[in-house]
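Chemist: Got a structure for you, questions after.
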Amino acid sequence: MEVVTFAIVVIAALFAVCSGVWVATALVRAISRHQTTQNSSQSENDKNNQEQI
Amino acid sequence: MQTVLPVIVAAAYVVVLTFVALRARAARQFSEFSLARRALPLALVFGSLAATYVGPGFSIGFVGRGFKSGFLFLGIGLAYSVQNILVGLFIAPRLRALKDCHTLGDAIGQKYDRKCQIVAGIISVSVCTFFAAVMAHAGGVVINDIFGLPNWSSVIVVVGITALYTTFGGLRASVITDAFQFTTFALLLPLTLLFVLVFRFDGGAATFSEQASVATSNGFGSTSFIEIVGLVAAFLLGETLIPPYANRALASRTTRISRNGFMLAGLFSIVWFIVMIALGVAARSIVPAGTDEDHVLLKLVGSIMPASGYALLLVVLVSVVMSSLDSLLNAGAVAFAEDIVKPFAELPDEKALNVGRCATIVIAVIAMAVAPAVPSVIDGLLICYTIWASAILPALIIGLLVKRPRPLAGILSMGVGTFVAMSAIVFLFIFPSIIKAPAIIIPALGAALLAYILGHWLDKIISGV
Chain A
1 MEVVTFAIVV IAALFAVCSG VWVATALVRA ISRHQTTQNS SQSENDKNNQ
51 EQI
Chain B
1 MQTVLPVIVA AAYVVVLTFV ALRARAARQF SEFSLARRAL PLALVFGSLA
51 ATYVGPGFSI GFVGRGFKSG FLFLGIGLAY SVQNILVGLF IAPRLRALKD
101 CHTLGDAIGQ KYDRKCQIVA GIISVSVCTF FAAVMAHAGG VVINDIFGLP
151 NWSSVIVVVG ITALYTTFGG LRASVITDAF QFTTFALLLP LTLLFVLVFR
201 FDGGAATFSE QASVATSNGF GSTSFIEIVG LVAAFLLGET LIPPYANRAL
251 ASRTTRISRN GFMLAGLFSI VWFIVMIALG VAARSIVPAG TDEDHVLLKL
301 VGSIMPASGY ALLLVVLVSV VMSSLDSLLN AGAVAFAEDI VKPFAELPDE
351 KALNVGRCAT IVIAVIAMAV APAVPSVIDG LLICYTIWAS AILPALIIGL
401 LVKRPRPLAG ILSMGVGTFV AMSAIVFLFI FPSIIKAPAI IIPALGAALL
451 AYILGHWLDK IISGV
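Chains as they are written, first to last, in my numbering: chain A, 1 to 53; chain B, 1 to 465.
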């Protein structure tokens with residue numbers, strides 16, 4: 001019983017750490033994808049502007 | 001050294017947070033400010049939900065409760081986890097499926113009528129503002145504890161930085177920074193627990209279990225049955241679908257993501273409560289027995305990591321407070337623009353965005369002004385829970401589940417729920433020995449439910465249908 005309680009606590013801590021890593025990965029993906037979208041829409045705007053000129 | 005290191009870590013944290021907030025960029029439309037264009041993926045919905053509910057109560061508070069009452073509070077906290085899972089299964093997908101819905105007030109307006117939307121909007125803005133004041137109070141205490149700054153300037157620092165990125169970035173900035181803050185504390189606090197258990201805890205599994213057992217017995221011995229019932233009711237209903245959670249349900253990319261986000265957040269809360277309570281139990285062998293509950297985590301980290309302990313804790317605690325505060329500021333501002341201003345005035349997108357931004361600043365200023373009057377974090381949260389659960393929940397949940405909800409039932413339930421909750425809170429402050437704080441939610445919620453049934457019956461008689 002003692003070992004089971006201790007093991008549950010350790011597993012819970014590891015699970016929380018894994019959740020943190022998962023969200024961190026999604027965060028990096030979200031902000032880098034967003035940057036890519038911004039860059040591509042910027043270059044599209046530049047292209048449109050050049051065409052208009 | 002004791003002051004320099006926390007200052008360097010705090011400065012580094014603010015720089016990284018600013019970088020993350022800037023990458024989220026400023027909102028250009030109201031739909032971006034209020035719902036992040038309804039494009040949030042599962043991991044961000046989950047991370048943001050968890051970051052919002054893990055406030056000072058679910059971190060500092062739970063460590064203190066683990067120290068005093070062992071695993072008793074895990075049983076009580078499970079009511080919160082069950083609530084999240086039930087909301088994920090039955091409510092969040094229905095909310096997400098509503099069209100042109102930015103807030104809970106919108107949902108209530110669609111189900112009942114415009115009057116109900118305005119009343120729900122006023123309640124939402126007021127509750128968000130008071131919740132924000134509680135968070136500002138907690139943030140002020142943290143900064144004051146670590147840097148020794150005067151309380152008012154500590155509150156201004158925390159609320160000012162949070163209001164700045166929330167005003168410009170709206171929900172997207174709030175969610176992105178929440179994810180960053182979630183990552184910070186979801187890594188640091190469990191790793192602190194593992195460090196304590198592996199390197200600083202004498203006696204291993206046997207001593208840990210013994211400490212847990214003694215503390216839990218003490219907890220059951222010092223908590224009455226009615227207090228436990230009241231706490232379970234408060235954890236089960238008090239934070240159910242408060243405006244920031246509802247905004248995340250509405251902003252999810254699909255109904256499935258909305259459902260799964262809430263269910264995962266519910267499952268994560270079980271894990272989180274175990275980690276926090278285990279930190280409290282482990283602290284029993286390290287921290288002096290008479291330590292005040294709210295200072296157990298601070299003392300524990302300070303004593304196991306002397307030089308860097310405060311700095312580490314500062315980052316974690318500031319993350320915990322800011323991630324809840326930004327969500328409340330944004331949700332209150334969106335509710336103000338959508339539920340209180342829009343029903344009276346035609347608001348083009350750009351104006352709605354400006355109204356939302358101004359409302360963010362006004363709510364932040366009111367929260368700063370009210371923060372010093374907040375009695376304590378736990379009492380402040382219990383007041384918010386009582387008002388929210390009785391004023392909004394019966395009307396909202398019945399409205400989403402039944403086919404033809406009646407407007408009179410909605411408005412009576414919200415009015416009576418608010419009145420009884422406020423009266424119970426005033427009674428609590430005048431006669432603190434007669435009634436315990438967690439128990440006041442029960443009569444207030446009962447009155448709101450009765451008022452709903454009465455309103456439904458009266459409406460049926462009046463309309464004849």
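Where is the CB? At the ideal position from N, CA and C, for every residue including glycine.
Taking the C-alpha atoms as reference points, what is the distance between A:V10 and B:A364?
Modeler: Working through the first sequence from its first residue, we reach residue 10 of chain A at position 10. Working through the second sequence from its first residue, we reach residue 364 of chain B at position 364. Taking the straight line joining both Cα atoms gives about 39 Å.
Chemist: What is the residue span of the alpha helix (DSSP H) that B:Q29 lies within?
Modeler: Mapped onto the second sequence, residue 29 of chain B falls at position 29. B:Q29 -> no alpha helix (DSSP H), and no H or E assigned at all.
Chemist: Within 7 Å (strictly less), CB to CB, does A:V9 reach chain B?
Modeler: Mapped onto the first sequence, residue 9 of chain A falls at position 9. So, interface residue.
Chemist: If we require 4 or more residues per run, which alpha helix (DSSP H) segments fall completely within the region 258 to 343 of chain B?
Modeler: DSSP runs (the alpha helix (DSSP H)) wholly in the region 258 to 343 of chain B: 296 to 304, 309 to 335.
Chemist: Please list the segments of the beta strand (DSSP E) lying wholly inside the region 42 to 91 of chain B, counting only runs of 3 or more residues, in order along the chain.
Modeler: Runs of the beta strand (DSSP E) inside the region 42 to 91 of chain B: none found.
Chemist: Are any of the Cβ atoms in chain B nearer than 7 Å to that of A:V3?
Modeler: For the purposes of this step, residue 3 of chain A is identified with residue 3 of the first sequence, where counting begins at 1. By this cut-off, A:V3 is an interface position.
Chemist: Looking at the strands, I want to know which residues DSSP matches up with B:I252.
Modeler: On the second sequence, position 252 is the one that residue 252 of chain B refers to. Note on identity: in this sequence residue 252 of chain B is Ser, with Ile being the wrong assignment. Note: B:S252 sits in a beta bridge opposite B:L40.
Chemist: Just to confirm my understanding: we take B:F147, look at its own chain, exclude 5 residues before and 5 after, and list those with CB closer than 6 Å. What are they?
Modeler: The residue labelled residue 147 of chain B in the question sits at position 147 within the second sequence. The answer is none, since no qualifying residue turns up.
Chemist: If I follow the unbroken alpha helix (DSSP H) through B:G169, where does it start and stop?
Modeler: Looking up residue 169 of chain B in the second sequence gives position 169. Looking at the DSSP string, the run of the alpha helix (DSSP H) that includes B:G169 is 151 to 195.
Chemist: For the candidate residues B:T103, B:N330, B:V45, B:A311, whose alpha-carbon lies nearest to that of B:A11?
Modeler: By 1-based counting over the second sequence, the position of residue 11 of chain B is 11. Selected option, being the one with the closest Cα: B:A311.
Chemist: Can you look up B:K115 in the DSSP assignment and give me helix, strand or coil?
Modeler: As a working note, residue 115 of chain B is residue 115 in the second sequence. Looking at B:K115 - three-state DSSP - the assignment turns out to be helix.
Chemist: CB-CB under 7 Å to B:S423, same chain, minus the five flanking residues each way: which ones, in chain order?
Modeler: Here residue 423 of chain B refers to the residue found at position 423 of the second sequence. Closer than 7 Å at Cβ, skipping near neighbours: no residue.
Chemist: Grab me the residues of B:A50's own chain with a C-beta within less than 6 Å of its C-beta, minus the 5 sequence neighbours each way, in chain order.
Modeler: Counting from one through the second sequence, the residue named residue 50 of chain B turns up at place 50. F182, A265, F268.
Chemist: For A:A17 and chain B, any beta-carbon pair shorter than 7 Å?
Modeler: If you number the first sequence from 1, residue 17 of chain A lands on position 17. The identity of residue 17 of chain A in the sequence shown is Val, whereas the question assumes Ala. Closer than 7 Å: yes.
Chemist: Does DSSP classify A:Q50 as helix, strand or coil?
Modeler: In the first sequence, residue 50 of chain A corresponds to position 50, counting from 1. With a pLDDT of 48 at A:Q50, under the threshold of 50, the modelled position of that residue is not reliable, and the figure given next carries that caveat. Here A:Q50 sits in helix by DSSP.
Chemist: Rounded to whole angstroms, what's the CA-CA distance from B:Q117 to B:S81? Just pull it up for me.
Modeler: Here residue 117 of chain B refers to the residue found at position 117 of the second sequence. Here residue 81 of chain B refers to the residue found at position 81 of the second sequence. Distance between the alpha carbons of B:Q117 and B:S81: 28 Å.
Chemist: Given 6 Å as the limit, tell me if B:F273 has its C-beta closer than that to any heavy atom belonging to the ligand ZN.
Modeler: The ligand ZN is absent from the structure shown, which contains no ligand whatsoever.
Chemist: Check for me: the alpha helix (DSSP H) holding B:S376 runs from which residue to which?
Modeler: Position 376 of the second sequence, counted from the start, is the residue given in the question as residue 376 of chain B. Unbroken run through B:S376: none, as it is neither H nor E.
Chemist: Which stretch, first to last residue, makes up the alpha helix (DSSP H) that contains B:L236?
Modeler: Reading the second sequence from its first residue, position 236 is the one you call residue 236 of chain B. Taken as a continuous stretch (DSSP letters only), the alpha helix (DSSP H) holding B:L236 covers 225 to 237.
Chemist: Against chain C, does B:I146 count as a neighbour if the rule is that its beta carbon must be under 7 Å from one of theirs?
Modeler: Reference to chain C is not applicable here, since the protein chains of this structure are A and B.
Chemist: Where does B:L347 sit, in a helix, a strand or coil, going by DSSP?
Modeler: Reading the second sequence from its first residue, position 347 is the one you call residue 347 of chain B. It is coil, neither helix nor strand.
Chemist: Run through chain A and tell me which residues come within less than 8 Å of B:L17, C-beta to C-beta.
Modeler: As a first step, residue 17 of chain B must be located in the second sequence, where it is residue number 17. Going along chain A, no residue has its Cβ under 8 Å from B:L17, so there is no contact; the nearest lies around 12 Å.
Chemist: Quick check on the DSSP output: the alpha helix (DSSP H) that includes B:V416 runs from which residue to which?
Modeler: Here residue 416 of chain B refers to the residue found at position 416 when the second sequence is read from its first residue. Counting along the chain, the alpha helix (DSSP H) containing B:V416 begins and ends at 407 to 430.
Chemist: Going by DSSP in three states, B:D202 sits in which element: helix, strand or coil?
Modeler: Sequence index remark: in the second sequence, residue 202 of chain B carries index 202 (1-based). It is coil, neither helix nor strand.
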